[in-house]
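Take a look at the structure set out below.
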Amino acid sequence: MIDNNLKNCREELEMTQEELGYVFGVSKNTVSGWENAHDTMPFNKLIKFCNLYDYSLDFVCGLTRKNTKYGKINTNKEKIGKKLKYLRVQLNLSQQALADDCNFSQATYSTYETGKFLINSITIYTICKTYNISMDYIVGRTNNLKIQK
24 MIDNNLKNCR EELEMTQEEL GYVFGVSKNT VSGWENAHDT MPFNKLIKFC
74 NLYDYSLDFV CGLTRKNTKY GKINTNKEKI GKKLKYLRVQ LNLSQQALAD
124 DCNFSQATYS TYETGKFLIN SITIYTICKT YNISMDYIVG RTNNLKIQK
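If you read the sequence shown in the numbering used here, its first letter stands for residue 24, the second for the next number, and so on.
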């Protein structure tokens, strides 16, 4: 992810890449790839990280400079899909227009909005970055729609 704070969070927790990799069942090299934006941390692992160590999604992903502690994220692809649809309607966009703005396919986006699949990290990040929307809002952790810088 672009502008991510994962490395800063890990260092704040006084963990090595190897230790964090152990928590997620991945190698040190995988953690390094996440931290250096060579690879994208899967959304379920990102949520697990935020839940375990009490970080906001917006902070870990570099959308805000301040960590707000919201509590646990309960991943529910249907609820996330409903939030995505609500946001899109509020923005007065079709699925195609949103997909075009964010440079991904409408068909893929539709599977997230309908709750068929859990959205992936890069897609939710791109939507939030493009429209200044809080990732924590989309997963239901906060009522603040906009990112608080």
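No residue lacks a Cβ here, since even glycine has one placed at the ideal position from N, Cα and C.
Which of helix, strand or coil DSSP assigns to residue i
i: I170; result: coil
i: D77; result: coil
i: R111; result: helix
i: N52; result: helix
i: I103; result: helix
i: G94; result: coil
For residue j and residue i, the rounded distance between their alpha carbons
i: L168; j: A130; result: 25 Å
i: S55; j: T63; result: 11 Å
i: S117; j: R111; result: 7 Å
i: Y124; j: I156; result: Going by the sequence as given, residue 124 is Asp instead of Tyr. Roughly 14 Å between the two C-alpha positions.
i: Q40; j: Y154; result: 32 Å
i: Q171; j: L114; result: 18 Å
i: R88; j: E34; result: 16 Å
i: N27; j: Y109; result: 26 Å
i: N174; j: Q119; result: Since the displayed the chain opens at 24 and closes at 172, residue 174 lies outside it and no answer follows.
i: L43; j: N52; result: 11 Å
i: V46; j: K95; result: 17 Å
Candidates the options: closest to residue i by CA position
i: N143; options: V83, K68 and L36; result: K68
i: L29; options: V46, N52, C73 and V49; result: C73
i: F66; options: K51, Q119 and F140; result: F140
i: C151; options: N31, A120, Y93 and L86; result: L86
i: Y93; options: E42, I70, L114 and Y109; result: I70
i: D159; options: T39, C84, C32 and N126; result: C84
i: I145; options: E37, D81, N90 and M38; result: D81
Identified DSSP bridge partners for residue i
i: I156; result: K169
- Contact between the region 151-171 and the region 99-107: three or more CB pairs below 8 Å? The answer is yes - the region 99-107 touches the region 151-171, with three or more Cβ pairs under 8 Å.
- Message: Does the region 56-68 come into contact with the region 127-137, if we say contact requires no fewer than three beta-carbon pairs (one atom in each stretch) closer than 8 Å?
- Response: no
- Query: Are the region 69-77 and the region 102-109 touching, with three or more C-beta to C-beta distances below 8 Å?
  - Reply: no
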